[in-house]
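Inspection log for the structure reproduced underneath, given as structure tokens.
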Amino acid sequence: MYQSDHLEKRVSFLITTKNRASRLEKTLQDLSEMVTNSDEIVVIDGGSTDGSVDVIRRYSTVIGAWISEPDEGATHAFNKAILLAQGRFLIPYADDDELRMEGVEQAVDILEVNAEIDLLVCGGTKVTSEKSYPIWIPDGTGYGSSVGDPWYYGAPGVGLVIRRSSLAKTGLFESRLASDLEFVSRAIALSASVRFARIHLYTHFITSESHIVGQKSAILADARAAARQYMGLWGYLRWRYIRLLTSKHTYVGRATRFVQRITSGIWRRVMRRPYDASKSFPVSELLDPESRHWDGGFS
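Under my numbering, the first residue of the sequence shown is numbered 46, with each subsequent residue one higher.
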């Protein structure tokens, strides 16, 4: 049996960037203060011309590996990073995301204790110019049991913690706009163990420069195509129907949610059931990473 003499790392933080030197510097500065000697930082730069390479070189003592060359987008860059990574666990994120080291430690501890879990999807906060909202799934959802879960409940790429050895089963990310949704759904389809953990892992900032804003229509179209690929025609149509009726982003969905709240309140009074604060609480509570609802449990 051949045994490599290189030291395996614990966590590989995979950063993709292009022409955003100031944001990259802040990310590297913050991360360099958090990582330990058993971790590594991998940076993939898409051939920047704004001084990003100079930033990378300034932090070369804490960066395990880096590449600066043209690529085909963030997904292609992440795949490059994965192939360079030496960590047992991989955390991909962009240069303008922020990680909570407490959340990273929670996620790693879960994967260390539960050797059967291949992919952990964690929660966090998304921030736009107008508002902040949490990515959180309640207990009892059974996330990871159906290929449709990423579309019903979400699967943001910045919230993924991947066991590197599981890539032999799942493969790399597909070079497509909805690559995070597709990757998680494919992992479930291939019988990988995928779980959602109620861990506040990240803060994801969505600005006018974010690709999800500039390519919103194309990303939505690709997500729908991937949904039909994995859920089939009837599963896809059911998802679209339920999304229409429950989404807070549509008039029909908002009306449905309002009626549900009124009906639920009336039903509790008729049945004389007490208000359960553990299951019904202000969403604003979830914006606090220290909230009791970020308990590290599976959803």
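Note that CB positions come from ideal geometry on N, CA and C, so glycine has one too.
Predicted, not measured: the structure shown is a model, and the values here were computed from it.
- Check the Cα spacing between A66 and each of I89, F58 and E53: the tightest is with I89.
- Distance from the CA atom of A130 to the CA atom of N159, rounded to whole angstroms, is 22 Å.
- Taken in chain order, the complete alpha helix (DSSP H) segments of 4 residues or longer contained in the segment 50-102 are 66-77.
- Nearest to D225 by alpha-carbon distance, out of T120, R240, D84 and E254, is T120.
- Note on geometry: alpha-carbon atoms of R102 and K54 lie some 21 Å from one another.
- Buried is the label assigned to S57, since at least 16 other Cβ atoms lie within 10 Å of its Cβ.
- T215 counts as buried, since no fewer than 16 other beta carbons sit within 10 angstroms of its beta carbon.
- A Cβ-Cβ distance of about 19 Å is found for the pair L212 and I112, leaving them out of contact under the 8 Å criterion.
- Taking L144 as the centre and dropping the five residues before and after it, the same chain places the C-beta of Y247 closer than 6 Å to its C-beta, in chain order.
- Under the three-pair Cβ rule at 8 Å, the segment 177-197 counts as touching the segment 234-247.
- Counting only residues of its own chain and dropping the five nearest sequence neighbours on each side, Y275 has a CB closer than 7 Å to the CB of V192, S230 and A234.
- Close CB contacts of F343 within its chain, under the 7 Å cut and outside five residues either way in sequence, are with R240, F241 and A242 (chain order).
- In the assembly as shown, N124 is a buried residue. Its beta-carbon has 16 or more other beta-carbons within 10 Å.
- Contact between the segment 261-276 and the segment 171-179 is absent, with fewer than three C-beta pairs closer than 8 Å.
- Bounds of the alpha helix (DSSP H) holding W196 are D194 to Y198.
- When C-alpha distances from S174 are compared across V100, T72, P201 and F250, the shortest belongs to F250.
- Around the beta carbon of T62, 16 or more other beta carbons sit within 10 angstroms, so the residue counts as buried.
- Per DSSP, G168 lies in no alpha helix (DSSP H) segment; the continuous beta strand (DSSP E) that holds it begins and ends at L164 to V172.
- Across the structure, V206 and I60 are spaced so that their CA atoms are roughly 13 Å apart.
- Of the candidates R208, R209 and A232, A232 places its Cα closest to the Cα of E219.
- For I155, there is no enclosing beta strand (DSSP E); the enclosing alpha helix (DSSP H) covers residues M146 to V158.
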